[in-house]
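Add 23 to the 1-based position in the sequence shown for the numbering used here, that's all there is to it. Beta carbons: idealized from backbone N, C-alpha and C, even for Gly. Below is one structure, written out as structure tokens; the observations come after it.
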Amino acid sequence: KILTTIKQWYQRRVAITAGHSDRMLMSRVAVGGLLGVIVAFMDVNNLIIGKSHYLLYHLVSAIQPRMLVTFNEDLKPLPVPVRVGQAVDVVGQAGKPKTITGFQTHTTPVLLAHGERAELGTNEYTPLTPVMEGFVILRKNEDMEE
């Protein structure tokens with residue numbers, strides 16, 4: 024029963040993937056971990072079921088959070104409105120096009136499904152990272168008019 028509960032928690036909140044930064048970059052460490060486990064499964068009876076079950080720990084390097092959690096500069100949780108929708112490729116478009124379509128507005132923390140992207144709903148804060156996924160630190164926007 025405990026294993027089932029842990030499995031359900033991980034299915035909803037983390038993903039095993041080698042891609043990061045909105046799937047634009049590939050992590051070599053995560054690819055190595057995934058390949059190590061795949062090679063170990065070629066001889067599953069001797070390696071995985073046998074004495075070398077610890078090889079499954081190589082999957083940890085490829086685990087990524089599927090959630091978006093925002094913090095202020097003092098690392099205190101900061102609930103802010105974000106728009107979550109399907110990701111749109113905007114490479115080569117002029118101006119500042121919208122990067123999502125069919126969005127819904129939520130307050131962080133939120134879960135992101137595969138192919139979804141998030142952007143801030145207001146200009147009150149600016150993110151310190153260009154990619155809004157995982158754990159993001161926000162800074163108060165000085166240019167915002169009260």
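Query raised in the report: What is the DSSP secondary structure of L59, counted as helix, strand or coil?
Result: In the sequence shown, the residue the question calls residue 59 occupies position 36. In the sequence as displayed, the identity of residue 59 is Gly instead of Leu. It is helical.
**Report entry** Where A172 falls: helix, strand or coil (DSSP)
**Finding:** Within the shown structure, residues of the chain are numbered from 24 to 169, placing residue 172 beyond reach of any answer.
Query raised in the report: Bridge partners of E142, per DSSP?
Result: Within the sequence shown, residue 142 is the residue found at index 119, counting from 1. Within the DSSP bridge table, the entry for E142 names R106 as partners.
Requested in this report: Express the C-alpha separation of G42 and I123 in angstroms, rounding to a whole number.
Outcome: In the sequence shown, counting from the first residue as 1, residue 123 sits at position 100. In the sequence shown, counting from the first residue as 1, residue 42 sits at position 19. C-alpha separation (whole angstroms): 19 Å.
Query raised in the report: First and last residue of the beta strand (DSSP E) that includes I39?
Result: The sequence position of residue 39 within the sequence shown is 16, counting from 1. Residues V37 to I39.
Report task. Give the C-beta separation of P102 and G157 to the nearest angstrom, bearing in mind that I take them to be a contact with Cβ-Cβ under 8 Å. Result -> Mapped onto the sequence shown, residue 102 falls at position 79. Mapped onto the sequence shown, residue 157 falls at position 134. Their Cβ separation, rounded to whole angstroms, is 16 Å, which puts P102 and G157 out of contact at 8 Å.
Query raised in the report: To the nearest whole angstrom, what separates the beta carbons of G56 and A85, a pair I think is in contact under 8 Å?
Result: Position 33 of the sequence shown, counting from 1, holds the residue named residue 56. Position 62 of the sequence shown, counting from 1, holds the residue named residue 85. About 5 Å; that satisfies the 8 Å criterion.
Query raised in the report: Any idea if R36 is buried or exposed, counting beta-carbon neighbours within 10 angstroms, 16 or more meaning buried?
Result: On the sequence shown, residue 36 is found 13 positions in, with the first residue counted as 1. The residue is exposed, with fewer than 16 neighbouring Cβ atoms inside 10 Å.
Report task. Compute the Euclidean distance between the alpha carbons of I160 and N69, then round it to the nearest angstrom. Result -> For this step, residue 160 is matched to residue 137 along the sequence shown. For this step, residue 69 is matched to residue 46 along the sequence shown. So the alpha carbons of these two residues sit roughly 45 Å apart.
Query raised in the report: Closest by CA to Y148, which one among K163, L134, H137 and L135?
Result: The sequence position of residue 148 within the sequence shown is 125, counting from 1. Measuring from the Cα of Y148, the nearest candidate turns out to be K163.
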